[in-house]
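In what follows, a single structure is set out as structure tokens and then discussed.
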Amino acid sequence: MRIKILAIISLSMFLMSSSCKKDDDKKDSDIKIKDRTKQYNEVEKDSIETYMKTHYYTLDAQYNVTIDTIDPAGSHISIWDNPDLQTLQVNDPKVEDLVYDLYYIPFRIGENRNIHKIDRVFVAYKGWLLNNETFDERIDNLPVWLNLKSKINSSVIAWQEVVPNFKDGYYTDNGDGTFTFSGYGAGMFITPSGLAYYHVPKNKIPAYSPLVFSFKTFVVDDDIDDDTVKNIDEDVNDNDNPFDDDTDNDGIYNIYDNDDDGDGVLTKDEDSNGDGDPTNDDSDGDGTPDYLDADTH
Ligand SMILES: [Ca+2]
Ligand SMILES: [Ca+2]
Ligand SMILES: [Ca+2]
Ligand SMILES: [Ca+2]
Numbered sequence: 052m053r054i055k056i057l058a059i060i061s062l063s064m065f066l067m068s069s070s071c072k073k074d075d076d077k078k079d080s081d082i083k084i085k086d087r088t089k090q091y092n093e094v095e096k097d098s099i100e101t102y103m104k105t106h107y108y109t110l111d112a113q114y115n116v117t118i119d120t121i122d123p124a125g126s127h128i129s130i131w132d133n134p135d136l137q138t139l140q141v142n143d144p145k146v147e148d149l150v151y152d153l154y155y156i157p158f159r160i161g162e163n164r165n166i167h168k169i170d171r172v173f174v175a176y177k178g179w180l181l182n183n184e185t186f187d188e189r190i191d192n193l194p195v196w197l198n199l200k201s202k203i204n205s206s207v208i209a210w211q212e213v214v215p216n217f218k219d220g221y222y223t224d225n226g227d228g229t230f231t232f233s234g235y236g237a238g239m240f241i242t243p244s245g246l247a248y249y250h251v252p253k254n255k256i257p258a259y260s261p262l263v264f265s266f267k268t269f270v271v272d273d274d275i276d277d278d279t280v281k282n283i284d285e286d287v288n289d290n291d292n293p294f295d296d297d298t299d300n301d302g303i304y305n306i307y308d309n310d311d312d313g314d315g316v317l318t319k320d321e322d323s324n325g326d327g328d329p330t331n332d333d334s335d336g337d338g339t340p341d342y343l344d345a346d347t348h
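If you count the sequence shown from 1, position 66 lands on 117 in our numbering, and the numbers rise without skipping.
Structure (structure tokens):
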């Protein structure tokens, strides 16, 4: 898959939540971090709703978003009153009883493959603050591979929750290093800071900032190690965390390991019935498929 080559040159350092661990630790000891429940219930819930009630959007033919303020005398429908508006209830990662409303609007779901929470997605996007100042943008001909979940640089939680509600599209290789995308998913979402960077300032994003993103899901990479077992099936214990599944204990997680049981036979070749799916081959009938069973292949 040639488009994977682009992963190496375009992997973004932005959108990632946990690459700033050192800064995080330092600031934690220097400043008092605001109470997460109060910050949402008393500050951000209201500022997010006000933004949605006072703004509307328009789209061009490529699903690029323009935001403007509502004129009370006009006929525009606010984001808040838009019939396409969806709400996800998402738990705070640190406070058990804190549940956020994460709002998104699907412009188009996408026409091809499903996206799962542990996949990697080739995206274009634009992010802005509630004062409508853009803090980052990747335009259509400069997309970036986004690891929804990664050991060292996962995307922020809001991306992980919203993007799996979309599908990817189709692409054609133009032969000159560029691609033409069609049928992809496109949407926008508004997230409280608790599902983004919270108290950690990032470049043009001040601490405690709710964020708005528009995005397009061009291509999903649902088999990162190219072993014909989909990422979702590499999460053997099915807990949405691919970083506790390492069948052969060689230090390479199954999602990145093309010989998952370490028996010297590539996973893609442990497909004795030849249907292209190693997960349904169990030669010794012990309930463990051959590609996860070092005794058989
Ligand atoms: Ca795989
Ligand atoms: Ca392994
Ligand atoms: Ca694997
Ligand atoms: Ca093997």
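Glycine included, C-beta positions come from ideal geometry on N, C-alpha and C.
Does at least one heavy atom of ligand 2 sit under 6 Å from the Cβ of residue i?
i              : result
isoleucine 169 : no
isoleucine 303 : yes
aspartate 277  : no
aspartate 299  : yes
aspartate 308  : yes
CA-CA distance, residue i and residue j?
i                 : j              : result
aspartate 308     : asparagine 288 : 16 Å
threonine 339     : aspartate 291  : 20 Å
arginine 164      : valine 270     : 9 Å
threonine 88      : glutamate 147  : 10 Å
proline 144       : valine 213     : 16 Å
phenylalanine 186 : aspartate 286  : 34 Å
glutamine 140     : glutamate 321  : 41 Å
aspartate 326     : lysine 319     : 11 Å
isoleucine 306    : aspartate 276  : 6 Å
glycine 245       : lysine 202     : 20 Å
asparagine 300    : aspartate 332  : 22 Å
lysine 72         : asparagine 254 : Residue placement at lysine 72 is poorly supported in this model, since its pLDDT is 43, which falls under 50; the coordinates are not used for a value here.
proline 215       : isoleucine 208 : 12 Å
valine 251        : aspartate 328  : 43 Å
Using the DSSP secondary-structure output, state which residues sit across from residue i in a beta bridge.
i              : result
threonine 223  : Thr231
leucine 197    : Val172
lysine 253     : Ile256
threonine 109  : Thr117
isoleucine 156 : Met239
tryptophan 179 : Thr185 and Val263
tyrosine 151   : Val141
lysine 218     : Asn165
Starting from the C-beta of residue i, find all residues in its chain whose C-beta is less than 6 Å away, skip the five residues before and the five after it, and write them out in chain order.
i                 : result
tyrosine 108      : Val116 and Ile118
threonine 138     : Asp152 and Tyr154
glutamine 211     : Lys168 and Leu199
phenylalanine 173 : Pro194, Trp196, Phe269 and Val270
Using a Cβ-Cβ cut-off of 7 Å (strictly less than) and excluding sequence neighbours within five positions of residue i, which residues of its own chain qualify?
i              : result
isoleucine 160 : Phe217, Lys218 and Gly236
histidine 348  : Asp314, Val316, Glu321 and Asp341
serine 233     : Gly220 and Tyr221
aspartate 312  : Thr298, Asp299, Tyr342, Leu343, Asp344 and Ala345
Skipping 5 residues on each side, what residues in its chain have a beta carbon closer than 8 Å to that of residue i?
i             : result
threonine 330 : Val280, Asp284, Pro340 and Tyr342
proline 293   : Ile169, Lys200, Asn282, Glu285, Asp286, Tyr304, Asn305 and Ile306
Residue i: beta carbon under 6 Å from a heavy atom of ligand 1?
i             : result
valine 251    : no
aspartate 341 : no
valine 270    : no
valine 280    : yes
aspartate 97  : no
Return yes when at least one heavy atom of ligand 4 lies under 6 Å from the C-beta of residue i, else no.
i          : result
valine 287 : no
For residue i, is the beta carbon positioned less than 6 Å from some heavy atom of ligand 3?
i             : result
threonine 318 : yes
aspartate 311 : yes
Touching by the beta-carbon criterion (3+ pairs, under 8 Å), the region 219 to 226 and the region 257 to 265: The region 219 to 226 vs the region 257 to 265: no contact.
Cβ contact (3+ pairs, closer than 8 Å) linking the region 93 to 111 and the region 147 to 160: Yes, they touch.
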